[in-house]
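Asker: I have a structure I would like to understand better, so I am pasting it below and will then ask my questions one at a time.
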Ligand SMILES: Nc1nc2c(ncn2[C@@H]2O[C@H](COP(=O)(O)OP(=O)(O)O)[C@@H](O)[C@H]2O)c(=O)[nH]1
Ligand SMILES: [Mg+2]
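Numbering (full-length UniProt numbering), first residue to last: 1 to 494.
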């Protein structure tokens, strides 16, 4: 290969993204406020066995010495039992474990100290007050520890988002996804893509500078175009999956629908394990859409109970039916409920014809709306007989009254939700935020401009724009505004 090409690769790499360095430099973050040392309670509020208070900044060592005088600093990263006392009055505060993390080997990259104190409110407030009296220390703002970690290149932006998601994770699937993102999987993927773009850019620039030169290896430009095309395919596949990651982060929309009295509200209460909806033998009880967040077989879901779908009712119930239909259109997964002992009724047949059959039970389309058909009140059917409804689309038998069939339903829901949300244990890294989707789409659009570019200068510029989007996804060149939005998710002490 032409020797000068590597020089060009190096030159291209000095552009807006440096594939390896941008995760570790967090160039968009504010410079860590030099001089100030922050402190906060990092464990939850309220009475507890042990509470963790930590500091970060250059005065951490001084703070640790002041509260544990006359003893000196403990060895780095080793827990030591120390008497804590107020540096001004000498008043004993607690006997606590203390830890000393000299920078840069700490969470924030700065000197850090941790005080593992007894969790009573008086102990915690006494230690916080004592820290406040040490010169150079001030209380931390929400998310400030993480922001400093980002500013010192300890975490990339996608890892910061993973950490925020981990703190807020409520279901097993959310926890798995957040941990993967915290481990930097999405960031690594973006860096791999950025490296491909850097190489393609170097090839194009080589052609601009030395196109006429006989020494330039043949097909340099073709190779760049081939790489861009492959990247387009990879980005396109990820973007098609983008809704999955967002569902995993904010919950899939699961809408329970069916004719009146089929047991929809009973099913909502059974799945959410709380009395969300009124259950009554009187048809038309539920009118407004009732929504409740639930953990469904380890996946987050927003479960909606809706009015029974029927015609010829009064204006209030009619409005309920209209709202139910609207919610059905927005559903990721429809749980269609019918009364197994009343399948021949007009309302059951209508529901089958207008909702179940058109949507297609267990639709094979992985990105479209999904549907599970549930025949409730199986306890009213003759026991141990053959399935009384072999002609219906695939369905599950359930009794909300006895709980029979619930395990099978949860298993089916797990499969459906794994398709809708992506499997965080095995699948490719997911795009969990609109921000990720925006930058990948921007990158893809720029690659489109590359292909259409009439001259090589424009083509090179398109590659630089594409690379800029990948850089911003992981935090290089991020604006203050974006960073503020992301760090707002954190609590004080994180
Ligand atoms: N036998 C039997 N009755 C049920 C079952 N599920 C619900 N019901 C009853 O059916 C009636 C209507 O239930 P509800 O949940 O309010 O139905 P909705 O109108 O579809 O929301 C109530 O009297 C429930 O107690 C079931 O599995 N078996
Ligand atoms: Mg109801």
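A virtual CB, placed ideally from N, CA and C, is assigned to each residue, including glycine. Keep in mind the model is a prediction, meaning the values are calculated, not measured.
Might you give, ordered along the chain, the residues of its own chain that have their beta carbon closer than 6 Å to the beta carbon of residue 11, omitting 5 neighbours on each side?
Answerer: Caution applies to residue 11, whose pLDDT of 43 falls short of 50 and renders its modelled position unreliable; the value that the coordinates give is listed next. Excluding residues within five positions, none has a Cβ falling inside 6 Å.
Asker: Report all residues from its chain with a CB closer than 8 Å to the CB of residue 401; omit the five preceding and five following residues, and keep chain order.
Answerer: So the list reads 266, 377, 379, once near-sequence residues are dropped.
Asker: Which whole-angstrom value describes the C-beta separation of residue 296 and residue 268, a residue pair presumed to lie in contact below a C-beta threshold of 8 Å?
Answerer: In fact, because the Cβ distance is near 11 Å, the residues do not count as touching under 8 Å.
Asker: For residue 156 and residue 132, which I take to be in contact (beta-carbon distance under 8 Å), what is that distance rounded to the nearest angstrom?
Answerer: So it is not a contact: roughly 32 Å between Cβ atoms.
Asker: Under 6 Å from any heavy atom of ligand 1, does the C-beta of residue 279 make it?
Answerer: Yes - ligand 1 has a heavy atom lying nearer than 6 Å to the Cβ of residue 279.
Asker: Determine the direct distance from the alpha carbon of residue 474 to that of residue 436, and round the result to whole angstroms.
Answerer: Cα to Cα, the separation comes out at about 9 Å.
Asker: Residue 191 by DSSP, collapsed to three states: which one?
Answerer: Residue state, collapsed to three classes: helix.
Asker: On the criterion of 16 or more Cβ atoms from any shown chain inside 10 Å, does residue 44 qualify as buried, or is it exposed?
Answerer: Classification of residue 44: exposed, given that the 10 Å Cβ count is below 16.
Asker: By how many angstroms is the C-alpha of residue 172 removed from the C-alpha of residue 178?
Answerer: Roughly 10 Å between the two C-alpha positions.
Asker: Are the beta-carbon atoms of residue 76 and residue 100 separated by less than 7 Å?
Answerer: Against a cut-off of 7 Å, the Cβ pair of residue 100 and residue 76 comes out as a contact.
Asker: Taking DSSP as the reference, what is the three-state secondary structure of residue 118?
Answerer: Strand, per DSSP.
Asker: Would the region 309-320 count as touching the region 281-292 if we require 3 or more Cβ pairs under 8 Å?
Answerer: Result yes; three or more Cβ-Cβ pairs closer than 8 Å.
Asker: In angstroms, rounded to a whole number, what distance separates the CA positions of residue 231 and residue 169?
Answerer: Roughly 32 Å separates the two Cα atoms.
Asker: Looking at residue 401 and ligand 1, is the gap between the Cβ and the nearest heavy atom below 6 Å?
Answerer: Checking every heavy atom of ligand 1 against the Cβ of residue 401, one is found closer than 6 Å.
Asker: Taking 7 Å as the cut-off, decide whether the C-beta atoms of residue 237 and residue 200 are in contact.
Answerer: Not in contact: residue 237 and residue 200 (Cβ atoms no closer than 7 Å).
Asker: Report the CB separation of residue 158 from residue 187 in whole angstroms; it is logged as a contact under 8 Å.
Answerer: Contact flag correct, Cβ pair sits at about 5 Å.
Asker: Is it the case that the CB of residue 286 approaches a heavy atom of ligand 2 more closely than 6 Å?
Answerer: Yes, ligand 2 has a heavy atom inside 6 Å of this Cβ.
Asker: Considering only residues of the region 73-97, which uninterrupted beta strand (DSSP E) runs meet the minimum length of 3 residues and lie entirely inside it, listed in chain order?
Answerer: The qualifying runs are 80-85.
Asker: Quick check on residue 343: does DSSP put it in helix, strand or coil?
Answerer: It is coil, neither helix nor strand.
Asker: Going by alpha carbons, who is nearest to residue 117 out of 81, 104, 326?
Answerer: Minimum Cα distance to residue 117 is reached at 81.
Asker: Give me the Cα-Cα distance between residue 412 and residue 294, rounded to the nearest whole angstrom.
Answerer: Taking the straight line from one Cα to the other gives about 16 Å.
Asker: Under the three-state reduction of DSSP, which class applies to residue 389: helix, strand or coil?
Answerer: Coil, per DSSP.
Asker: When you compare only the Cα positions, how much space is there between residue 371 and residue 356?
Answerer: Spanning the two alpha carbons is a distance of roughly 8 Å.
Asker: Do residue 93 and residue 127 have their CB atoms nearer than 7 Å?
Answerer: Taking 7 Å as the Cβ cut-off, residue 93 and residue 127 qualify as a contacting pair.
Asker: Rounded to a whole number of angstroms, what is the C-alpha to C-alpha distance between residue 323 and residue 109?
Answerer: Each residue's alpha carbon lies about 52 Å from the other.
Asker: Output needed for residue 494: all residues of its chain with C-beta closer than 7 Å, excluding positions within five of it in sequence on either side, in chain order.
Answerer: Once the five neighbours on either side are set aside, the close Cβ partners of residue 494 are 42, 143, 145, 146, 167.
Asker: Per DSSP, residue 299 is paired with what?
Answerer: Its beta-bridge partners are 296.
Asker: Mark residue 383 as exposed unless 16 or more other C-beta atoms lie within 10 angstroms of its C-beta, in which case mark it buried.
Answerer: By the neighbour-count rule (16 or more Cβ atoms within 10 Å), residue 383 is not buried but exposed.
Asker: What do you reckon, are the CB atoms on residue 119 and residue 37 nearer than 7 Å?
Answerer: No.
Asker: Consider the C-beta atom of residue 265 and the heavy atoms of ligand 2; say whether any pair is separated by less than 6 Å.
Answerer: Checking the Cβ of residue 265 against ligand 2 gives yes.
Asker: What residues in its chain sit with their C-beta under 6 Å from that of residue 395, if we drop five residues either side in the sequence?
Answerer: The residues are 373, 375.
Asker: Residue 524 and residue 337: beta carbons closer than 7 Å?
Answerer: Residue 524 lies beyond the stretch modelled for the chain, which goes from 1 to 494, so this question has no answer here.
Asker: Is the region 413-428 close to the region 458-465, with three or more CB pairs under 8 Å?
Answerer: Flag = no, the region 413-428 and the region 458-465 do not touch.
Asker: In this structure, how does DSSP classify residue 350 when only helix, strand and coil are distinguished?
Answerer: Three-state DSSP puts residue 350 in a helix.
Asker: Return the CA-CA distance between residue 442 and residue 462, expressed in angstroms with no decimal places.
Answerer: One C-alpha to the other measures close to 11 Å.
Asker: What do you reckon, are the CB atoms on residue 304 and residue 289 nearer than 7 Å?
Answerer: Result yes, Cβ atoms of residue 304 and residue 289 sit closer than 7 Å.
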